[in-house]
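Below you'll find the structure, written out as structure tokens, and then a few comments.
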Amino acid sequence: LLLAGVTWSLILVNSLPMVVDMAPQDRLGAYTGLYYLSSQASAIAGPIMAGKIIQIFHNDYGTGFIYGAVTLVIALFFMWFVRRGEALTD
């Protein structure tokens with residue numbers, strides 16, 4: 003869990019500034035709101051979905067690891083299409 007917490011903090015520290023850089027100034031609040039909405043919705047839906055999948059497979063908690071691996075591959079697929087977020091030079 004320590005490793006997961008450290009890596010998650012590395013993602014959080016960098017993702018909001020990327021949203022702020024990409025958003026138009028007059029819509030910054032809306033973009034920030036959508037960022038946090040999607041983050042919190044996934045934090046709510048993920049454990050519920052994992053619990054249901056484990057329940058479907060007769061409480062075999064090993065399926066939770068398979069579920070995690072599958073969702074990781076899906077996330078990596080979507081990240082493949084991200085084309086912005088390059089480093090800015092001042």
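In my numbering, the protein residues as written are 3 to 92. Cβ coordinates follow ideal geometry from the N, Cα and C atoms, glycine included.
Measuring only the C-alpha atoms, how far is residue i from residue j?
i	j	result
Tyr37	Gln57	30 angstroms
Leu14	Asp62	31 angstroms
Gly64	Gly7	21 angstroms
Ser17	Phe59	35 angstroms
Arg86	Ser11	21 angstroms
Met20	Val84	12 angstroms
Ser44	Ile76	14 angstroms
For the putative contact between residue i and residue j, defined by C-beta atoms under 8 angstroms, what is the C-beta separation to the nearest angstrom?
i	j	result
Ala47	Gly66	About 15 angstroms; that fails the 8 angstroms criterion.
Tyr69	Ile55	5 angstroms
Count Cβ pairs between the region 16–25 and the region 33–49 that sit closer than 8 angstroms; are there 3 or more?
Output reads yes: the region 33–49 touches the region 16–25.
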